[in-house]
Amino acid sequence: MRVAEAIAMRLSGAHIVLGVTGSIATYKAVGLASALVQAGATVDVIMTEAATRMVQPLSFQAITHRPVHVDMFAPWAETEIGHVTLGQQADLLLVAPATANTIAKLALGLADNLLTTTALAARCPLVVAPAMETAMWHHQATQGHVATLMRRGVTIIEPEAGHLASGARGVGRLADEGRILATLARLLAPQDLAGRHIVVTAGGTREAIDPVRFVSNASSGRMGYALAEAAVQRGARVTLISSVTGLPTPLGVDLVPVESAREMHDAVLQAIRAADALLMAAAVADYRPADVASQKRKKGNEAWTLRLVPNPDILEAVKGEKPSGLMVIGWAAETHDIIENARSKLERKDLDIIVANPVPQTFGSDRVQATLLFRDGTIVPLEPLSKVALANRLLDLVVEHLRRPRRGAENQSQT
Ligand code: CTP
Numbered sequence: 079m080r081v082a083e084a085i086a087m088r089l090s091g092a093h094i095v096l097g098v099t100g101s102i103a104t105y106k107a108v109g110l111a112s113a114l115v116q117a118g119a120t121v122d123v124i125m126t127e128a129a130t131r132m133v134q135p136l137s138f139q140a141i142t143h144r145p146v147h148v149d150m151f152a153p154w155a156e157t158e159i160g161h162v163t164l165g166q167q168a169d170l171l172l173v174a175p176a177t178a179n180t181i182a183k184l185a186l187g188l189a190d191n192l193l194t195t196t197a198l199a200a201r202c203p204l205v206v207a208p209a210m211e212t213a214m215w216h217h218q219a220t221q222g223h224v225a226t227l228m229r230r231g232v233t234i235i236e237p238e239a240g241h242l243a244s245g246a247r248g249v250g251r252l253a254d255e256g257r258i259l260a261t262l263a264r265l266l267a268p269q270d271l272a273g274r275h276i277v278v279t280a281g282g283t284r285e286a287i288d289p290v291r292f293v294s295n296a297s298s299g300r301m302g303y304a305l306a307e308a309a310v311q312r313g314a315r316v317t318l319i320s321s322v323t324g325l326p327t328p329l330g331v332d333l334v335p336v337e338s339a340r341e342m343h344d345a346v347l348q349a350i351r352a353a354d355a356l357l358m359a360a361a362v363a364d365y366r367p368a369d370v371a372s373q374k375r376k377k378g379n380e381a382w383t384l385r386l387v388p389n390p391d392i393l394e395a396v397k398g399e400k401p402s403g404l405m406v407i408g409w410a411a412e413t414h415d416i417i418e419n420a421r422s423k424l425e426r427k428d429l430d431i432i433v434a435n436p437v438p439q440t441f442g443s444d445r446v447q448a449t450l451l452f453r454d455g456t457i458v459p460l461e462p463l464s465k466v467a468l469a470n471r472l473l474d475l476v477v478e479h480l481r482r483p484r485r486g487a488e489n490q491s492q493t
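Sequential numbering of the sequence shown, starting at 79, is according to the numbering used here.
As structure tokens, this is what we get:
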């Protein structure tokens, strides 16, 4: 599996201890270790004795290019690497798959093998991804231990429902690899947007002509999705108002699907009421067909003239209803006079920042050569960046902006 850039960015350079226990799902940990390594993480694998019955340690060693640890009493090749230091040097300890037996030991604080001993000595976040038969998962004992771990701040990646090794269907399958990686990425990201509500729009709106045709534009929506994913990783509550159909919704994001500019307009005005920032990355269609046919228009030989009428400008509507303190970032997609056009949009739409992009180069591309224009007149040309990197740059600015005392609040404290 190719690891998505937004996730790889967080995992790259991280030191992860992967604890593998003996389950039918043990083989899935090989793929997981491979994904982590491909993302640029350093992975130290600790296997329980039972896990070695399912998969050979050599498989993990070949993938991680590091020795695999099994035996608590083995003389360590390098004396500084022991169960204590392994857990203390790591950024994160992930147990996947975690059996009911290991979960019980972790909850009770037992330390009868290298993995449980390491977990007890570790100071980094512990993440547990259980995998077992449904009855074992639902058993009061297991649920009690899971609750204990959660109370202690352990992150549990709940097992999924589906086909189990016994042939039955039920809850107990190891969580999907993408979900595990996204959880790790979130835990490794700075939580500088925790407690914040960020509203993001994405995609080119679709303006219906008839039930099967629409007017739209070439926007892929990838900028908005990168922003939503990065913001959720950084701890924000994210509302993604999107007209995109082909992109997976990033985990943890609240999706509000829309089609037309008018639907997006209503959704945005609703969502900003309790938001800290609006990132308006959508390419909103400026016009829509004046009349929408209720039935599919049949083909004919004569020319077809489509009459278009203007759509509402969402950012101009936001300007009139902006809650105090809402930070607003807009985009300017320009083919010419990029800076002048962007500056006039920033002023007309009362934005804090506008991201000026040359089009059509930006639409559908992975890299963007953007210039940022700020309310105070500052202009910052950026180097070519991926949409994920640009998303994080913009969120850095959101964090900085939201940390500043609000003008209203300042006045209040002076009176
Ligand atoms: N925008 C909006 N509502 C519209 C059109 C655009 O809120 N009806 C927002 C976009 O999401 C973007 C910013 O306004 O953040 C600028 O969009 P852009 O298409 O570059 O500019 P327009 O205002 O549409 O002007 P023009 O098409 O003349 O360049």
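Beta carbons are placed, not taken as given, at the ideal position from N, Cα and C, and that holds for glycine. In this text the structure is predicted, and so the values were computed from the model without any measurement.
Any non-hydrogen atom of the ligand CTP closer than 7 Å to residue i Cβ
i, result
"Asp430", "no"
"Met132", "no"
"Ile141", "no"
"Leu347", "no"
"Asn191", "no"
"Ile181", "no"
"Leu393", "yes"
"Lys427", "yes"
"Pro390", "yes"
"Ala410", "yes"
"Asp344", "no"
"Ala360", "yes"
"Asp364", "yes"
"Lys423", "yes"
"Ala339", "yes"
Close Cβ partners of residue i (< 7 Å) along its chain, the five nearest in sequence each way excluded
i, result
"Phe292", "Arg284, Glu285, Ala286"
"Glu488", "At Glu488 the pLDDT is 45, less than 50, meaning the model places this residue with poor confidence; the figure from the coordinates comes in the next sentence. Within the same chain, Glu488 has no close Cβ partners at all."
"Gln490", "Because Gln490 sits at a pLDDT of 45, beneath the cut-off of 50, its placement in the model cannot be relied upon, and the following sentence gives the value as read from the coordinates. Hits under 7 Å: none found."
"Ala82", "none"
"Arg445", "Pro462, Leu463, Ser464"
Proximity to residue i [Cα-Cα], best of the options
i, options, result
"Ala207", "Phe151, Ala129, Leu242, Gly97", "Gly97"
"Ala359", "Leu480, Ile407, Asn179", "Ile407"
"Ile432", "Pro438, Asn419, Leu347, Ser443", "Asn419"
"Gly455", "Lys423, Pro483, Ala467", "Lys423"
"Tyr365", "Ala371, Leu386, Val232", "Leu386"
"Arg481", "Leu451, Gln447, Gly403", "Gly403"
"Leu333", "Ala339, Arg340, Thr323", "Thr323"
"Ala501", "Val205, Gly281, Pro135, Ile85", "As shown, the chain starts at 79 and ends at 493. That puts residue 501 outside it, with no answer to give."
"Gln348", "Ile319, Met405, Ala129, Gln218", "Ile319"
"Gly91", "Val278, Ala352, Val81, Ala119", "Ala119"
"Met87", "His223, Ala140, Glu307, Ile457", "Glu307"
"Ala199", "Asp369, Gln166, Met301", "Gln166"
"Leu357", "Leu473, Leu265, Arg421", "Leu473"
"Leu172", "Leu186, Asp149, Ile124", "Ile124"
"Leu84", "Gly100, Val146, Ala434, Ala267", "According to the sequence as given, residue 84 is Ala; it is not Leu. The residue with the shortest Cα to Cα distance from Ala84 is Ala267."
Endpoints, the alpha helix (DSSP H) within which residue i is located
i, result
"Asp391", "Looking at the DSSP string, Asp391 is not in any alpha helix (DSSP H), and its letter there is neither H nor E."
"Asp344", "339 to 349"
"Ala260", "255 to 266"
"Val322", "Element bounds for Val322: n/a, residue is neither H nor E."
"Met301", "300 to 311"
"Met87", "83 to 89"
"Ile141", "135 to 142"
"Ile235", "Ile235 -> no alpha helix (DSSP H), and no H or E assigned at all."
"Val115", "106 to 116"
"Asp474", "465 to 481"
"Val224", "218 to 229"
"Leu333", "From DSSP, Leu333 is part of no alpha helix (DSSP H) but of the beta strand (DSSP E) over 332 to 335."
"Ile457", "Taken as a continuous stretch (DSSP letters only), Ile457 belongs to no alpha helix (DSSP H), being part of the beta strand (DSSP E) at 457 to 459."
Cβ-based neighbour list, residue i, same chain, cut-off 6 Å, excluding 5 preceding and 5 following
i, result
"Leu329", "Ala260"
"Val121", "Ile94, Leu96, Ala111, Leu114, Val115, Thr142"
"Arg257", "none"
"Thr493", "Because the pLDDT at Thr493 is just 37, under 50, the model does not fix this residue reliably, and the point stays unresolved."
"His479", "Met405"
"Val316", "Ile276, Ala306, Ala309, Val310, Val331"
"Gly313", "Gln269, Leu271, Ala272"
Opening and closing residue of the beta strand (DSSP E) in which residue i lies
i, result
"Asn435", "431 to 436"
"Arg291", "291 to 293"
"Met210", "Run containing Met210: none; DSSP gives neither H nor E here."
"Pro367", "365 to 367"
"Gly248", "247 to 251"
"Glu238", "238 to 241"
"Glu412", "405 to 412"
"Glu285", "285 to 288"
"Leu451", "449 to 452"
"Leu198", "Here Leu198 belongs to no beta strand (DSSP E); instead the alpha helix (DSSP H) covers 192 to 199."
"Leu357", "355 to 358"
Chain-order list of residues whose beta-carbon lies under 8 Å from that of residue i (same chain, five-residue window excluded)
i, result
"Met214", "Ala178, Thr220, Gly250"
"Glu255", "Met79, Lys106, Gly109, Leu110, Ala113"
"Pro237", "Ala207, Pro208, Ala209, Met210, Trp215, Val249, Gly250, Arg251, Leu252, Ala253"
"Ser372", "Asp288, Pro289"
Any non-hydrogen atom of the ligand ADP closer than 7 Å to residue i Cβ
i, result
"Gly165", "This structure lacks the ligand ADP; the ligands present are the ligand CTP."
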